[in-house]
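Data first, discussion second: the structure below is written as structure tokens.
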Ligand SMILES: Nc1ncnc2c1ncn2[C@@H]1O[C@H](COP(=O)(O)OP(=O)(O)O)[C@@H](O)[C@H]1O
Ligand SMILES: [Mg+2]
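Numbering (UniProt numbering), first residue to last: 1 to 251.
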């Protein structure tokens, strides 16, 4: 499904600030895999997602998604196949546009239709259904500007936009870290629901160890630009927080 092969990425090469953020990273994911990424600050987690999404071009290595070689392809091409969420709930939605307009843009982009296409009546019905599924009452606020929503509601909407046309890959970069614990739990449950319903291959960076135990069928631990550990199957199911802390310096 996803094949990362020998990806390297160095910032400021040849200067005193030279920093190898990704050091020969290879990873194979199967269709529907949900992998949690752990690692201390500066381990290279966000850079890995940037290299996958094309926000940054890796120096070397290849990336193949569902048989499509995306190596060297620009971000806007890769975004046809991927959804992405960041920590900041303000990122990813346009505050002055309404909920339905935001969803409409995501839908048109995902379907690769011309930006001039209007939102149709049946689109509204579809958006209303999907919004209702969030259980946040947003289906009754479709024409309100997104700027009026709380951080949690906005992040839930961004999640819906990222998956309104089912992506081949979903990239989550600490997407619940900026939310209060209760809201974070709601958004995480929604994530799980959407990902499992649509069988979306997912990579989720988290600092929350409990979250990384509870969600996903795989776990990778990064350190100094390398994947130092990959846990799957029973090993993933049986890992405990004390054991994780013992094995790795996860701060
Ligand atoms: N745009 C950038 N320019 C220069 N250095 C960067 C940039 N992005 C990340 N780095 C460096 O690369 C390393 C990995 O960063 P990052 O991937 O953000 O780590 P993590 O997400 O695991 O905390 C760090 O040393 C960081 O300072
Ligand atoms: Mg990061």
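In this text, a Cβ means the ideal position worked out from N, Cα and C, and glycines have one as well.
Worksheet item: What do you reckon, is the C-beta of residue 218 under 7 angstroms from a heavy atom of ligand 2?
Response: no
Requested in this report: For residue 174, name the three-state secondary structure that DSSP assigns.
Outcome: coil
Whole runs of the beta strand (DSSP E) within the region 54-126, excluding any shorter than 3 residues: 60-65 and 82-85
Check whether the Cβ atoms of residue 1 and residue 66 sit closer than 8 angstroms, and answer yes or no.
yes
Worksheet item: In chain order, what are the residues with a CB under 7 angstroms from some non-hydrogen atom of ligand 2?
Response: 45, 46, 173, 174 and 205
query: To which residues of the same chain is residue 147 closer than 7 angstroms at the C-beta, ignoring the five residues directly before and after it?
result: 95 and 96
Compare the Cα-Cα distances from residue 107 to each of 149, 164 and 140 and report the closest residue.
164
Since residue 186 and residue 159 should fall inside the 8 angstroms C-beta cutoff, what is the C-beta to C-beta distance between them, to a whole number of angstroms? Incorrect: roughly 11 angstroms between the Cβ atoms, too far for contact.
On the premise that residue 27 lies in contact with residue 9, defined as a C-beta separation below 8 angstroms, what is that separation, rounded to the nearest angstrom? Actually they do not touch by this definition, with Cβ atoms about 14 angstroms apart.
(request) Using 10 angstroms around the beta-carbon of residue 76, count the other beta-carbons present and answer buried if the total reaches 16, otherwise exposed. (result) exposed
query = Below 8 angstroms between beta carbons: does that hold for residue 127 and residue 142?
reply = yes
Residue 211: buried (16+ other C-beta within 10 angstroms of its C-beta) or exposed? buried
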